[in-house]
Structure formats: C-alpha cells, structure tokens
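Accompanying notes for the structure given below.
There are 2 protein chains.
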Amino acid sequence: MTTVVRRRMGVEERREQLIAVALEQFSRRSPDEVSIDDIATAAGISRPLVYHYFPGKHSLYEAAVSRAAEELANRFTEPREGPLGARMLRVVNRYFDFVDDHGPGFAALLRGGSAVGPERANALIDDVREAAYRQILLHLGTDEPGPRLGLVVRSWIGLAETTALTWLDGCDVPREEMELQLAHDFLALAAVTAAYDEETAAVVRAIVSEQTADGAFAAFLSRLAEFSPRPTA
Amino acid sequence: MTTVVRRRMGVEERREQLIAVALEQFSRRSPDEVSIDDIATAAGISRPLVYHYFPGKHSLYEAAVSRAAEELANRFTEPREGPLGARMLRVVNRYFDFVDDHGPGFAALLRGGSAVGPERANALIDDVREAAYRQILLHLGTDEPGPRLGLVVRSWIGLAETTALTWLDGCDVPREEMELQLAHDFLALAAVTAAYDEETAAVVRAIVSEQTADGAFAAFLSRLAEFSPRPTA
Chain Y
1 MTTVVRRRMG VEERREQLIA VALEQFSRRS PDEVSIDDIA TAAGISRPLV
51 YHYFPGKHSL YEAAVSRAAE ELANRFTEPR EGPLGARMLR VVNRYFDFVD
101 DHGPGFAALL RGGSAVGPER ANALIDDVRE AAYRQILLHL GTDEPGPRLG
151 LVVRSWIGLA ETTALTWLDG CDVPREEMEL QLAHDFLALA AVTAAYDEET
201 AAVVRAIVSE QTADGAFAAF LSRLAEFSPR PTA
Chain E
1 MTTVVRRRMG VEERREQLIA VALEQFSRRS PDEVSIDDIA TAAGISRPLV
51 YHYFPGKHSL YEAAVSRAAE ELANRFTEPR EGPLGARMLR VVNRYFDFVD
101 DHGPGFAALL RGGSAVGPER ANALIDDVRE AAYRQILLHL GTDEPGPRLG
151 LVVRSWIGLA ETTALTWLDG CDVPREEMEL QLAHDFLALA AVTAAYDEET
201 AAVVRAIVSE QTADGAFAAF LSRLAEFSPR PTA
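In order, the protein sequences belong to chains Y and E. If you're matching positions, the first sequence starts at 1 in the UniProt record's numbering and goes up one per residue. If you're matching positions, the second sequence starts at 1 in the UniProt record's numbering and goes up one per residue.
Next comes the structure, spelled out in structure tokens:
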C-alpha cells in the first residue's frame with residue numbers, strides 16, 4: 001500500500017482484496033492446488049485473518065468463482081450495432097481474453113475441480129450459459145426462440161466451451177483463427193438447422209445478406225461454394 | 001450384520017446385481033436422489049448387505065457409473081464400411097439410445113451430481129470422450145490428426161453432449177431430426193475448418209464425394225447451395 005498513513009482495511013475492502021488475490025492465484029493454478037496459506041502469503045496477511053473474513057476455503061473460493069462468473073457474463077454485453085458477424089467476433093474475442101486471463105480457474109470450474117462443490121459450480125456455469133444464451137437471442141431479435149433455434153444457440157455455447165478448453169490444453173491453432181472459426185461455426189450450425197426450421201433460416205439469411213467480401217463470414221461462405229452439392233445421378 | 005440365510009448369489013453375481021439395480025434407478029432419478037435404502041429395496045436385500053458388497057454409497061455409485069461409461073464407449077464401435085455419413089448416423093443413433101436409457105444418470109454425471117466425486121466423474125467423462133475421439137479418427141483414417149482436424153472432432157463431441165443434455169431437458173425437437181442434424185453438424189464444422197486446413201478439407205471432400213441424393217448429408221448440402229455467397233460489389 002502506498003498511502004502515507006497506514007490504515008486497516010475495512011471488511012469489504014479486505015474481502016475484495018482476498019477475492020482478487022484468489023482470482024490471481026486461480027489464473028495460474030487450479031483452485032484445488034491453491035491453499036489458504038498461498039492466499040494469505042500473497043495477500044500479506046496471516047492465515048487466521050483470512051479465515052476471519054471467509055469462514056473457510058470453500059466460502060472464499062465460491063466468492064472468487066462467483067465474481068469471475070459475473071465478470072464473464074458481463075463480457076457478453078455487446079451493442080446491437082453493425083453486422084451480426086462482427087458483433088459475434090467481438091464477443092468471442094472478449095471471451096477468449098477472459099479464458100486467457102483465468103485459464104486454470106476456468107478449466108477447473110468446467111471440469112469439477114474448482115473446490116466450490118459440484119452443485120454450486122454447476123449453478124454458476126448455468127448462470128453464465130444462460131447469460132450468453134439471452135444475449136445472443138437479443139442480437140437475433142427474439143426472446144422466445146423455437147426449440148430448433150434455441151438448440152442452435154445452446155449448442156454453439158457448448159461448442160465455445162469445448163473450443164476454449166481444447167485451446168487451454170495446448171491446441172496448436174492460433175487464437176485469432178480459433179475465434180474466427182467459432183464465429184463461422186455459428187453460421188454453419190444455423191445453416192444445418194435452417195433445413196428444418198424457417199426461423200433459423202431467417203437468421204442465416206439475415207447474417208448472409210449483410211456480408212461483404214471482407215466480412216467475418218466471407219471466407220467461410222466462399223469456401224462453402226467449393227463444397228456445394230454435385231449434380232446427382 | 002448377519003447372513004445366515006441361504007446364499008444363492010456369489011459375490012460377483014451379487015455385485016453385478018447391485019450395479020444393475022443402481023443403473024436402473026439412475027435411469028429414472030439423479031444418483032444424488034437415490035439412497036442405499038432405495039437400492040436395497042429394489043434389490044430385495046437388506047441395507048447392511050448392500051454395504052457388505054460395496055463399502056459405501058460412493059463405491060457402488062462409482063462402480064455403476066464406470067459400468068455405464070464403459071457401455072457408452074462400446075457403442076461408438078462401428079464397422080468401417082459404407083459411407084461415412086451413414087456410419088456416423090448409426091453411432092449417433094446408438095448414442096441417443098444410451099442417453100434415452102440412462103437420462104438422469106447421464107445428465108447428472110455431466111453436471112457434477114453423480115455422487116462419485118468431481119475428480120472421478122471427470123476422469124470417466126474424459127475416458128468416454130477419448131474413446132469417441134479415437135473411434136472417429138479411425139473412421140477418418142488417421143490416428144495423428146493435425147490440431148485443426150483434432151479440434152473439429154473434439155468440438156463435435158462436445159456438441160453431441162450439449163445436444164443430448166438439451167434434449168433431456170425437454171427440447172421439443174424430434175429425436176430422429178436431432179440425430180440427423182448432429183451428423184450434419186460434423187460436416188458443417190469440418191467445412192468451416194476446411195478454409196484453414198487441407199487435412200480437414202480432404203475429409204469434407206471425402207464425405208461429400210460419397211453422397212448420393214438420399215444420403216445422410218444430402219439435405220444439408222442442397223440447402224447450403226441456397227446460402228452460397230452472393231456476388232460481391
């Protein structure tokens with residue numbers, strides 16, 4: 001601390017500091033591998049003092065993971081301006097920033113090693129997924145999608161998680177390319193469902209109609225032409 | 001505890017019976033909601049006798065969930081004969097059979113409520129994913145895919161899980177349609193990656209080249225033509 005007069009931190013301030021320290025630790029190691037001693041040392045306070053603010057490892061870890069989940073959900077917020085492809089790409093970019101910043105903690109949460117208990121971990125993950133789901137629907141201009149469009153959106157959110165986890169595992173694909181592919185994947189999954197569902201077909205047409213040659217989906221669309229069906233016998 | 005009664009079943013036989021009973025219970029309720037009493041009653045034996053064969057709820061549940069994971073992994077095995085699309089559709093069909101048979105247990109495992117502990121649950125899930133991954137690669141004719149093709153396969157496996165969970169949640173899409181869409185999704189995701197990767201492009205070409213008008217991917221391919229890029233300005 002750089003304040004001239006040393007002062008004791010207030011309760012909220014100290015709790016915030018400990019949450020920040022925990023998140024910083026979880027950005028480098030899985031929560032399961034971080035002890036309260038590690039956090040006390042990093043915060044420059046004693047172990048009993050940590051327990052004074054958080055009655056157990058569990059409660060501090062839950063506060064930290066909840067904070068991270070909230071932060072992630074906030075990153076999905078994107079103005080409803082400009083082409084959908086470009087908006088999606090910006091959100092995907094912020095998502096990967098988050099994953100990059102919180103790697104081990106993020107992976108541990110999705111893999112059950114976040115030390116917050118499976119039920120609570122799952123509720124937190126579901127909240128983030130729901131925030132992503134609602135935000136995407138907002139951009140697609142609906143809040144009551146039919147089951148097929150709803151499935152496309154939920155599928156794509158699951159895909160984003162798998163992609164992020166595979167990337168954290170050391171998948172040797174450049175991050176920018178992975179982000180671009182993930183945005184294209186949305187269009188690809190929607191195109192599959194468009195064969196069965198007019199609501200989803202309208203979404204695909206809306207995305208395609210706003211594309212220019214240098215838009216986020218242009219490379220994908222031109223490549224698709226190469227795989228168009230051949231004349232059948 | 002006393003087992004003065006006639007022992008009709010041997011140790012292994014009784015263990016098998018209890019595993020089968022547990023799996024039957026998990027097909028109707030989440031493992032978290034099934035007590036050892038429920039299992040004892042369903043098996044027609046006393047609660048202490050259950051504990052004689054399995055030292056705790058945990059160990060019986062782990063045996064049951066391991067058995068289910070093994071069974072699921074076995075369903076991925078598919079002869080390398082006929083069009084890839086048709087093979088994939090058969091595997092997806094067996095996958096949904098499994099999901100249908102083991103609904104609550106399957107969902108609970110993927111959502112951390114399987115009562116086997118997050119670490120063990122995760123190891124089991126990873127084993128099943130790895131079995132799916134290896135089986136798909138076998139059909140694609142490679143065991144050392146580049147990072148992009150590897151990501152396509154892993155992404156699609158994640159997509160299959162999300163689709164299955166959404167379906168179990170009561171998503172109002174007919175099962176056969178969901179299976180077909182999932183098979184098409186593989187081609188769609190591969191087509192996205194094909195823009196960046198020759199190995200994946202070769203896979204897409206191989207799948208497309210074996211299609212006939214009534215093949216598994218025909219509807220998807222013909223629909224894609226409608227979304228082909230428009231001439232750019």
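Every residue gets a Cβ at the ideal spot worked out from N, C-alpha and C, and that includes glycine. Remember, it's a predicted structure, so these values are computed and weren't measured experimentally.
Cross-chain neighbours of residue i in chain Y, by beta carbon under 8 Å
| i | result |
| --- | --- |
| residue 135 of chain E | Neighbours of residue 135 of chain E on chain Y: none; closest Cβ ~17 Å, over 8 Å. |
Length of the line joining the Cα atoms of residue i and residue j
| i | j | result |
| --- | --- | --- |
| residue 60 of chain Y | residue 29 of chain Y | 16 Å |
| residue 177 of chain E | residue 160 of chain Y | 23 Å |
| residue 118 of chain Y | residue 169 of chain E | 19 Å |
| residue 210 of chain E | residue 95 of chain E | 24 Å |
| residue 14 of chain Y | residue 53 of chain Y | 8 Å |
| residue 230 of chain E | residue 72 of chain Y | With a pLDDT of 48 at residue 230 of chain E, under the threshold of 50, the predicted position of this residue should be treated as unreliable, and no value is reported. |
| residue 125 of chain Y | residue 186 of chain E | 25 Å |
| residue 233 of chain Y | residue 23 of chain E | Note that residue 233 of chain Y scores 39 on pLDDT, short of 50, meaning its location in the model is unreliable; the coordinates nonetheless yield the value given after this. Straight-line Cα distance between these residues: approximately 49 Å. |
| residue 102 of chain E | residue 69 of chain E | 11 Å |
| residue 51 of chain Y | residue 91 of chain Y | 37 Å |
| residue 77 of chain Y | residue 133 of chain E | 34 Å |
| residue 203 of chain Y | residue 150 of chain E | 29 Å |
| residue 205 of chain E | residue 112 of chain Y | 39 Å |
| residue 31 of chain Y | residue 19 of chain Y | 12 Å |
| residue 139 of chain E | residue 12 of chain E | 36 Å |
| residue 166 of chain E | residue 179 of chain E | 13 Å |
Closer than 7 Å at the beta carbon, the chain E residues around residue i
| i | result |
| --- | --- |
| residue 193 of chain Y | 181 |
| residue 166 of chain Y | 151 and 154 |
| residue 103 of chain Y | The premise fails here: residue 103 of chain Y is roughly 17 Å from chain E at the closest Cβ pair, so nothing lies under 7 Å. |
Below-8 Å beta-carbon distance, residue i vs any chain Y residue
| i | result |
| --- | --- |
| residue 148 of chain E | yes |
| residue 121 of chain E | yes |
| residue 173 of chain E | yes |
| residue 185 of chain E | yes |
| residue 158 of chain E | yes |
| residue 118 of chain E | yes |
Range of the contiguous alpha helix (DSSP H) that encloses residue i
| i | result |
| --- | --- |
| residue 17 of chain E | 11-26 |
| residue 135 of chain Y | 118-140 |
| residue 36 of chain Y | 36-43 |
| residue 101 of chain E | 84-101 |
| residue 59 of chain Y | 57-75 |
| residue 164 of chain E | 147-168 |
| residue 206 of chain E | 198-209 |
| residue 47 of chain Y | 47-53 |
| residue 190 of chain Y | 175-194 |
Any C-beta of chain E under 8 Å from that of residue i
| i | result |
| --- | --- |
| residue 34 of chain Y | no |
| residue 196 of chain Y | yes |
Whole-number beta carbon distance between residue j and residue i, since they are thought to touch under 8 Å
| i | j | result |
| --- | --- | --- |
| residue 184 of chain Y | residue 116 of chain Y | Not really, about 34 Å apart at Cβ, beyond 8 Å. |
| residue 109 of chain Y | residue 65 of chain Y | 6 Å |
| residue 148 of chain E | residue 173 of chain Y | 6 Å |
Neighbour list for residue i in chain Y, Cβ cutoff strictly below 9 Å
| i | result |
| --- | --- |
| residue 177 of chain E | 148 and 196 |
Per-residue contacts from residue i into chain Y (C-beta, under 7 Å)
| i | result |
| --- | --- |
| residue 189 of chain E | 185 and 188 |
Residue i: contacting residues in chain E (beta-carbon distance under 9 Å)
| i | result |
| --- | --- |
| residue 161 of chain Y | 158 and 162 |
| residue 113 of chain Y | 118, 119 and 122 |
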